[in-house]
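Just so we're aligned, residue 0 is where the sequence shown starts under numbering that gives the first Met the number 0, counting upward by one.
Report on the structure given below.
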Amino acid sequence: MNAPFHVTCAIPRSGRTLNNFLQKLVDLGVSSEEIDSILQILSQSKLRSSLKLDEALDFLEEVRTKAPNCFSVFVDRKRFHRPYRLGFLGHDWQIGPYKLRVEGEEPHNGSSLIRLDEVDFTVVGLDELLSMTQYYLRDPSRVTKWGMYNYHLEKPTGIRIAGSAMLCSHNEVLQTEIQDIVGFFLISKVSERKHPLNLKTLSRFGQQVFVKGRYTGIVMAAYPKLNIVSVEDVEDAVLAGEKGCVGLEIVQSGSTVKRKGLFLHGGPLFLSESLYVVDYDRYVSSEALRKVIELLNPVGYFEESRLKQFAKWYRALEINLGNAWTDKPPITELFCESSDSEHGLRPYRLKTRHWKPSDTYQRDQAQQGIDRAHKQLLGYYQKICQEHPIVSV
């Protein structure tokens, strides 16, 4: 039996990544009315989630005639009470001359499905990718930006990052669309401390650090001497803990940190955003997959459109947090430190073999590209600062 589709994609079955990816399909010719009807139902799913399976199934039955039949009920394990919730199951869409099957999954399952040779590509963040694929990396602690991931792959696998999906959503601070960049930051409820608050210092003094359960493996790989305490909610654990306690938390806009009166410290352990992660072996052998990825247009780490979005994200975060972001690194340092190039953060293209930067071929040109990107980023940032100054209260 021939499959009714050419390419398969796994995406989270609920949340911002799903919503933003579905909206992006409209740019590729999918009906906006159809996508809007799906998003309208998904926007109600969290509110209509229930501890009673019958109530969740009733909601599923209720929406059958209001949008394409693409939903199912799942257990929302991210919530403490694990309610039953409506989520995206799957749907086939025409992308150019090819039929794309989009399937809803747990976020961390996307890379696992590639590893098991069960899907062509997925949309997933570096945080989830590191959680599931550290085993393949030469040194996971060096992979602090997604542009370094392919370079550090050592063990045999077809998993590769093709580039950023550039998924954006509305930001209240700048009142514009901003990419879904996040950082894995240290947070605390105290702004001033006797010692600089960083992971090396915390490792040396053996202080407890609260970490959400799914990220403990990433943190332990990078800082094996850190005294990690796995918790359900990092921010609440920090608030309930002793005066000097700290946590590691994913931060996008900083609004939750600000609302709870917490402080952000220094730069993040790693940066993440929605990425196109592809089965490279299938990509080489499948013309349909190559063409679909080409239409989706993955964006490289140093490309101009991403530099503009990075400047917006950094500016929105620093405006929103104000003095609550202590020891804030300069934007150019956060984007790419001088040592990152040595550890593989260099430009590569989809035409580059294995999507890995070379240590020998055109190394000088790569460094020149990084230097240009730094200057461009600083220029975009300075322009945004003029357009959105920090207003003293």
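Positions of the beta carbon are idealized from the N, C-alpha and C atoms, including for glycine.
| Item | Value |
| --- | --- |
| Could you tell me which residues DSSP pairs with residue 121 in its beta bridges? | 9 and 276 |
| Evaluate contact between the segment 330–343 and the segment 299–315, counting only Cβ atoms and requiring at least three cross-stretch pairs below 8 Å. | yes |
| Cα-Cα, which of 199, 273 and 202 is closest to residue 177? | 273 |
| Do you know offhand how far residue 172's Cα is from residue 280's? | 42 Å |
| Does the distance from the CB of residue 120 to the CB of residue 276 come in under 8 Å? | yes |
| So, for residue 2: in the same chain, excluding its five sequence neighbours on each side, which residues have a beta-carbon less than 6 Å away from its beta-carbon? | none |
| Please go through the segment 211–271 and give each complete beta strand (DSSP E) segment of 3 or more residues, from N-terminal end onward. | 226–230, 245–250 and 262–264 |
| Sort out for me which residues DSSP pairs residue 419 with in a bridge. | With the chain covering only 0 through 392, there is no way to say anything about residue 419. |
| Determine the contact status of residue 114 and residue 7, defining contact as a CB-CB distance below 8 Å. | no |
| According to DSSP, is residue 302 part of a helix, a strand, or is it coil? | coil |
| Residue range of the alpha helix (DSSP H) that residue 170 falls in? | Per DSSP, residue 170 belongs to no alpha helix (DSSP H); it is in the beta strand (DSSP E), 167–170. |
| For residue 64, is the classification buried or exposed, using 16 other Cβ atoms within 10 angstroms of its Cβ as the cut-off for buried? | exposed |
| In this structure, how does DSSP classify residue 90 when only helix, strand and coil are distinguished? | strand |
| Within 10 angstroms of the Cβ of residue 251, are there 16 or more other Cβ atoms? Answer buried if so, exposed if not. | buried |
| Could you pull out every residue in the same chain whose Cβ sits closer than 8 Å to the Cβ of residue 48, ignoring the five residues on either side in sequence? | 55, 75, 78, 82, 83, 84 and 85 |
| Checking 8 Å against the spacing of the C-beta atoms, do residue 165 and residue 304 come in under that value? | yes |
| What are the uninterrupted segments assigned as beta strand (DSSP E) that are 3 or more residues long and contained completely in the segment 61–90, given in chain order? | 70–74 and 83–87 |
| With a threshold of 16 other CB atoms inside 10 Å of the CB of residue 106, please say whether the residue is buried or exposed. | buried |
| For a test of the three-state rule: what should DSSP assign to residue 359, helix, strand or coil? | coil |
| Please list the terminal residues of the continuous beta strand (DSSP E) segment that includes residue 185. | 181–187 |
| Go ahead and label residue 159 buried or exposed: buried means 16 or more other beta carbons lie within 10 angstroms of its beta carbon, across all protein chains shown. | buried |
| Buried or exposed for residue 108, going by 16 or more other Cβ atoms inside 10 Å? | buried |
| I'd like to check one pair, residue 198 with residue 238: are the Cβ atoms closer than 8 Å? | no |
| Taking the alpha helix (DSSP H) that residue 156 belongs to, which residues open and close that run? | Element bounds for residue 156: n/a, residue is neither H nor E. |
| For residue 183, which option in 351, 142 and 44 has the closest C-alpha, if you only look at C-alpha atoms? | 142 |
| As a quick exercise: from 150, 390 and 324, pick the residue whose alpha carbon is nearest that of residue 358. | 150 |
| Determine the contact status of residue 218 and residue 228, defining contact as a CB-CB distance below 8 Å. | no |
| Can you check which of these residues, 188, 245 and 282, is closest to residue 230 by C-alpha distance? | 245 |
| Among 89, 350 and 51, which has the Cα closest to the Cα of residue 69? | 89 |
| Whether or not the segment 127–147 and the segment 257–271 are in contact is what I'm after, with contact meaning three or more pairs of Cβ atoms, one per stretch, closer than 8 Å; do they touch? | yes |
| Give the single residue among 284, 223 and 258 whose Cα lies nearest to the Cα of residue 235. | 258 |
| Would you kindly report the start and end of the unbroken beta strand (DSSP E) that includes residue 176? | 175–178 |
| My understanding is that residue 253 touches residue 319, with C-beta atoms under 8 Å, so please give their C-beta distance in whole angstroms. | 5 Å |
| Mind checking residue 12: buried by the 16 CB within 10 Å criterion, or exposed? | buried |
| Between residue 382 and residue 370, what straight-line distance do the alpha-carbon atoms span, to the nearest angstrom? | 19 Å |
| The alpha helix (DSSP H) with residue 4 in it runs from where to where? | Unbroken run through residue 4: none, as it is neither H nor E. |
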